[in-house]
Every structure is written in C-alpha cells, then in structure tokens.
Amino acid sequence: MQCWGRVRKASMGHSLSLYHKSAKIECSHSISGYNVILWYKQSNNRELMLLGYMVGTSAIPEAGFDIEGDASAGGTSTLTIKQLTPNSSAVYYCAASLHSASDLPLCSTKTSFPGVL
Numbered sequence: 001m002q003c004w005g006r007v008r009k010a011s012m013g014h015s016l017s018l019y020h021k022s023a024k025i026e027c028s029h030s031i032s033g034y035n036v037i038l039w040y041k042q043s044n045n046r047e048l049m050l051l052g053y054m055v056g057t058s059a060i061p062e063a064g065f066d067i068e069g070d071a072s073a074g075g076t077s078t079l080t081i082k083q084l085t086p087n088s089s090a091v092y093y094c095a096a097s098l099h100s101a102s103d104l105p106l107c108s109t110k111t112s113f114p115g116v117l
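Per UniProt numbering, the sequence shown runs over residues 1 to 117.
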C-alpha cells in the first residue's frame, strides 16, 4: 500500500539562466510506521519514472539525482535534480510506503526493456 506524501512546490521556471543549476523538492508525510519514500517524475502526461527511493535514512537515487533526509513519519525527504535541462520540466511526485520486508536485507534490481526508457 502506498500513500502520496505532501510535496512542497518547487518553482523551476523556464529561464535559460536556470539550466545547468540544481533544484530541490521536499516531501513529508505523517503516516506512522511508513518509512519509505519513493520519488517519481512524469513528463508530458506519460508514465511515471522512478527517480529513486529512501528507506529510513538510506537513499538509492538514480543517476542525475540525490535523495537525502528521513523517510519516516514527520521527517522530510529531499530530491535534488543535479543539473536542470529542458527535460527537467515535469511533474514530480513522492509516495510514502510501508517497508514490507523489514526483516530482510535491503536489495534492489532494475529491469530494462529494449526501446523503453
């Protein structure tokens, strides 16, 4: 089960002076026991793209992004877009989730499908 967190809006605009700079977006939630934050990007009403996630205070970001903070209730997770480009224009989402395998070691895999990014 996932619930959307509260995102503090970040304004990036379309000024050329912002390109190649970074932007930060914060997310928090108040759901007791939920200690995972997942970050997504949606460009042009297309599918959501996972940018990375946090479990507690451990972050697993994709290339080009940083994630820091605390994913627990009352904490704040911050997504940093390292270098803004025209492709950075999108809707960004965070989701709070319950870590269902808390007794298992943390591991992850990423599956790529040819022709799909």
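Ideal placement from N, C-alpha and C gives every residue a C-beta, glycine not left out.
For residue i, three-class secondary structure by DSSP
i, result
"S32", "coil"
Cα-Cα separation between residue i and residue j, rounded to whole angstroms
i, j, result
"A95", "K82", "21 Å"
"G75", "I67", "13 Å"
"S22", "F65", "10 Å"
"I31", "L38", "14 Å"
Minimum Cβ-Cβ distance from residue i to chain D less than 7 Å
i, result
"M54", "Here chain D cannot be found, since the structure has a single protein chain."
Status (buried if at least 16 other CB within 10 Å, exposed otherwise) for residue i
i, result
"H29", "buried"
"D54", "For the sequence presented, residue 54 should be read as Met rather than Asp. Buried."
"L51", "buried"
"N87", "exposed"
At 3 residues or longer, what runs of the beta strand (DSSP E) sit wholly inside the UniProt domain "Immunoglobulin V-set" (22 to 96)? 23 to 28, 36 to 42, 49 to 55, 58 to 61, 65 to 69 and 76 to 81
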